[in-house]
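Let me begin by presenting the structure, written as structure tokens, before commenting on it.
Protein chains: 2
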Amino acid sequence: MSTFTLAEDRMKCGNCPIRHRAVCARCETDELAVLERIKYYRDFAPGQAIVWAGDEMDFVASVVDGVATLSHTMEDGRRQMVGLLLPSDFLGRPGRAAAPYDVVATSPVTLCCFRREPFEDLLASTPPINRRLLEMTLDELDAAREWMLILGRKTAREKIASLLAIVARRDASLRLTKLDGPLVFALPLTREAMADYLGLTLETVSRQISALKRDGLIRIQGSRQITVPDFQRLMAEAGDDNDGGLIS
Amino acid sequence: MSTFTLAEDRMKCGNCPIRHRAVCARCETDELAVLERIKYYRDFAPGQAIVWAGDEMDFVASVVDGVATLSHTMEDGRRQMVGLLLPSDFLGRPGRAAAPYDVVATSPVTLCCFRREPFEDLLASTPPINRRLLEMTLDELDAAREWMLILGRKTAREKIASLLAIVARRDASLRLTKLDGPLVFALPLTREAMADYLGLTLETVSRQISALKRDGLIRIQGSRQITVPDFQRLMAEAGDDNDGGLIS
DNA sequence: GGCGCTCCTTGATCGACATCAAATACAAGG
DNA sequence: CCTTGTATTTGATGTCGATCAAGGAGCGCC
Chain A
174 MSTFTLAEDR
184 MKCGNCPIRH
194 RAVCARCETD
204 ELAVLERIKY
214 YRDFAPGQAI
224 VWAGDEMDFV
234 ASVVDGVATL
244 SHTMEDGRRQ
254 MVGLLLPSDF
264 LGRPGRAAAP
274 YDVVATSPVT
284 LCCFRREPFE
294 DLLASTPPIN
304 RRLLEMTLDE
314 LDAAREWMLI
324 LGRKTAREKI
334 ASLLAIVARR
344 DASLRLTKLD
354 GPLVFALPLT
364 REAMADYLGL
374 TLETVSRQIS
384 ALKRDGLIRI
394 QGSRQITVPD
404 FQRLMAEAGD
414 DNDGGLIS
Chain B
174 MSTFTLAEDR
184 MKCGNCPIRH
194 RAVCARCETD
204 ELAVLERIKY
214 YRDFAPGQAI
224 VWAGDEMDFV
234 ASVVDGVATL
244 SHTMEDGRRQ
254 MVGLLLPSDF
264 LGRPGRAAAP
274 YDVVATSPVT
284 LCCFRREPFE
294 DLLASTPPIN
304 RRLLEMTLDE
314 LDAAREWMLI
324 LGRKTAREKI
334 ASLLAIVARR
344 DASLRLTKLD
354 GPLVFALPLT
364 REAMADYLGL
374 TLETVSRQIS
384 ALKRDGLIRI
394 QGSRQITVPD
404 FQRLMAEAGD
414 DNDGGLIS
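Chains as they are written, first to last, in this note's numbering: chain A, 174 to 421; chain B, 174 to 421.
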């Protein structure tokens, strides 16, 4: 089960700008110190559910560390991932109690949680948080729409290339690397999770990854460690005209 | 070309709550009267582009009347619709100049536009607008995620049923009809637009609509006028467990 | 009426991806 | 070392929707 940590320790949120931009943004305004009084930490093991669709959610949170997924499940078991939460992403919706989809940790996850009601009060009285949240939500909406193009119109190969490009880009931005040298990163997802992300089966994912490897677009160490020798070439394979491509 | 109307006339926005909830929400606060001073109307003919991807957008707007679509286009012509704008929906993103996708009118459209910069100033100084926008954006995000499930995991038949259910529901809510009697509504989309919405070809759309007709789930007058005798049965066909299903 | 146009329908064929099935890799634990 | 279990790869076959192609319906216009 998950660990609760009532947090006086500001430690984990100390390195704010990248790791925890959502709410520890007292970089931006002082009122946010109030958040400190209603926050607590929770840890989740890989594979563990954070909330199930339909559950009541009495908190909102930001991801401090780890990777979690949002996904819809149909009665017959078909599943579609609709969001990928990486460190600094926000979880939950102010003003709504019931979770609309499953949230599952895919790696050890640490959340910084805020009880929903006090958070909403704060939201009402503190415009900067509101602005922040609006901005983040708009980014997520853009990402979702990019994703819709991937789901609706791209081939299996392009889908895989797109996903790898998205993760590579995001990883590079987290560690402040340039995109011109060879990129090495760990896929935070199983083949099955990738399939759920892309609207494919896990066999197709595996085959297409093998194909990209065969064609020299990527190299692989141990099925999760990816090396991209030439990011531009991968992007071309993804069929992207512009260099958009966010996630979350 | 489009018509500009510098608007002292508050007429069109008068019937606010449903038709124009985005910005004429002086129902909510008085400051919004300021909006009156920076707004103007624009009309577009069916098929006309409102903005192209990459264009500079010096305004944000809310849809007063008509239907417009947002869509991504790949260089080779593949197209994916990523948003459907109906009356009361909002267009544009404060804080961003370049449009990320094409916006096209599919029926005669009237926009209520606000010059972007003064609108952004207003946004900064007027929390209620911010809250409103956040809420609307969150709704859109939910809709986008519902849509992702449709694109990634549903069969052609389920996709069509889902789309019809979404439009039927939205239409019913606009005219305050219940969902239990037979529903009659006009599809605001060509078969091609439906295909772009659902990640299908127009031939498949046509075939599946014929199949739903054959199976008695819908009736059709003249290819655009749809009758749904039993909404629940259609929903079942769409594979939806819950009764979520928004758009925009 | 007849022409041109766009939108829609229907048929025949093909191919990308799903499905079914089996084998391999690798880690944890006895 | 062997066992067990999960994640992954690979192969054989099937199917849904795409593609290619033709024809019909509605409508404005000469």
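Glycine included, each C-beta is placed from N, C-alpha and C at the ideal position.
A:I323 sits away from A:L360, with the two beta carbons spaced by 9 Å or more.
For A:L324, the nearest beta carbon of chain B is closer than 9 Å to its own beta carbon.
Under the DSSP assignment, B:Y213 falls in the beta strand (DSSP E) whose first and last residues are K212 to F217. The closest CA to that of A:F232, considering only A:A271, A:R252 and A:Q253, is found on A:A271. When rounded, the separation of the alpha-carbon atoms in A:T350 and B:S396 is 54 Å. Within chain B, the residues placing a beta-carbon under 8 Å from that of A:P300 are P300 and N303, ordered along the chain.
B:G412 is classed as buried because its beta carbon has at least 16 other beta carbons within 10 Å across all chains shown. The DSSP assignment places no complete run of the beta strand (DSSP E) inside the segment 285-337 of chain A (cut-off: 3 residues). Secondary structure of B:A272 (DSSP, three-state): coil.
In this structure, B:V224 sits away from B:L258, with a CB-CB distance that is not shorter than 9 Å. By the Cβ test, the segment 329-345 of chain B is not in contact with the segment 270-284 of chain B, since fewer than three Cβ pairs between them sit closer than 8 Å. For A:S244, the enclosing beta strand (DSSP E) begins and ends at A241 to T246.
A straight-line Cα-Cα distance of about 8 Å links B:V378 and B:A329. In the three-state reduction of the DSSP assignment, A:I382 falls in the helix class. As the crow flies, the alpha-carbon of B:L347 is around 13 Å from that of B:V240. Closer than 9 Å to the CB of B:L295 there is not a single CB belonging to chain A. Against A:Q253, the close residues of chain B are M321, L322, G325 and R326, in the order they occur along the chain (beta-carbon pairs closer than 7 Å). For the segment 363-392 of chain B, the set of positions with a beta-carbon nearer than 9 Å to some beta-carbon of chain A reads D369, Y370, L371, G372 and L373 in chain order. Between B:L295 and B:I211, the gap from beta carbon to beta carbon is short of 9 Å.
Relative to B:T242, the option among B:L362, B:M309, B:E248 and B:S298 whose CA is nearest is B:L362.
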